[in-house]
Amino acid sequence: MQLRVNNQDYEIDVNGNTPLLNTLREHLKLTGSKYGCGEGVCGACTVLINGVPVRSCITPVGSTQNKEITTIEGLEQEGKLHSVQAAFLETDPFQCAYCASGMILSTVALLKRNPTPSRQEIVEAMQGNICRCGTYPALLEAIQVAVKK
Ligand code: FES
Ligand code: FES
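Following the working numbering, the numbering of the sequence shown begins with 1022 at its first residue and continues without gaps.
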């Protein structure tokens, strides 16, 4: 199967029904995307497919051929962090950071479709990303800093 991940082409031997998350972590060693619930409800496994956030734990890898997959490892460009990563680094909203890659990728997708979201729009857009440490006020601040950047 051919996959395009973070602007790189891969040829891998994997069953098309395998979850994309397992493929990324086990075959491509891209371990930034995390396994949380495994049921599509926590957002820890979020990646972008053609710029749209998806839950990679419930996405069969076979459905992602010929699509552009972006993981947290692909946001940095030529040694420079993405502005959303920079905003999160600056505000340091995480405790354990297990939710971090999903939060950041969902924020990237949000700001792409709406560069100046209101507080309410941010809250609504991030509903599908759960932070078990409950750092929601700090996360909101980080996203608001990302909006300014
Ligand atoms: S691990 Fe995929 S949504 Fe929770
Ligand atoms: S900081 Fe621990 S899950 Fe979000």
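Every residue gets a Cβ at the ideal spot worked out from N, C-alpha and C, and that includes glycine.
- For the pair of segments examined, the segment 1144-1157 was found not to touch the segment 1097-1104: the number of CB pairs separated by less than 8 Å stays below three.
- Taking C-alpha positions only, cysteine 1117 is separated from serine 1084 by approximately 32 Å.
- Beta-bridge partners assigned by DSSP to threonine 1091: Leu1069.
- Out of Ile1079, Arg1025, Val1105, the CA that lies nearest to the CA of valine 1062 is found in Ile1079.
- By the criterion of at least three beta-carbon pairs nearer than 8 Å, the segment 1068-1079 is not in contact with the segment 1136-1144.
- Around the beta carbon of glycine 1037, a 10 Å sphere encloses fewer than 16 other beta carbons of the protein chains shown; the residue is thus reported as exposed.
- When DSSP states are grouped into helix, strand and coil, glutamate 1142 belongs to the helix group.
- Taking C-beta atoms as the reference points, alanine 1121 and phenylalanine 1115 count as a pair closer than 8 Å.
- Rounded to whole angstroms, the Cβ separation of serine 1054 and leucine 1042 is 6 Å, and the two are in contact under 8 Å.
- DSSP places tyrosine 1119 in the coil class of the three-state scheme, outside both helix and strand.
- In terms of side-chain proximity, the C-beta atom of glycine 1037 is found no nearer than 7 Å to any non-hydrogen atom of ligand 1.
- For glutamate 1111, the uninterrupted alpha helix (DSSP H) run begins and ends at 1104-1112, by DSSP.
- Residue pairing by DSSP places proline 1081 opposite Pro1040 in a beta bridge.
- Closest by C-alpha distance to asparagine 1027, out of Tyr1056, Thr1052, Glu1089, Arg1046, is Glu1089.
- Excluding sequence positions up to five before and after lysine 1133, its CB lies within less than 8 Å of the CB of Gly1072, all in the same chain and listed in chain order.
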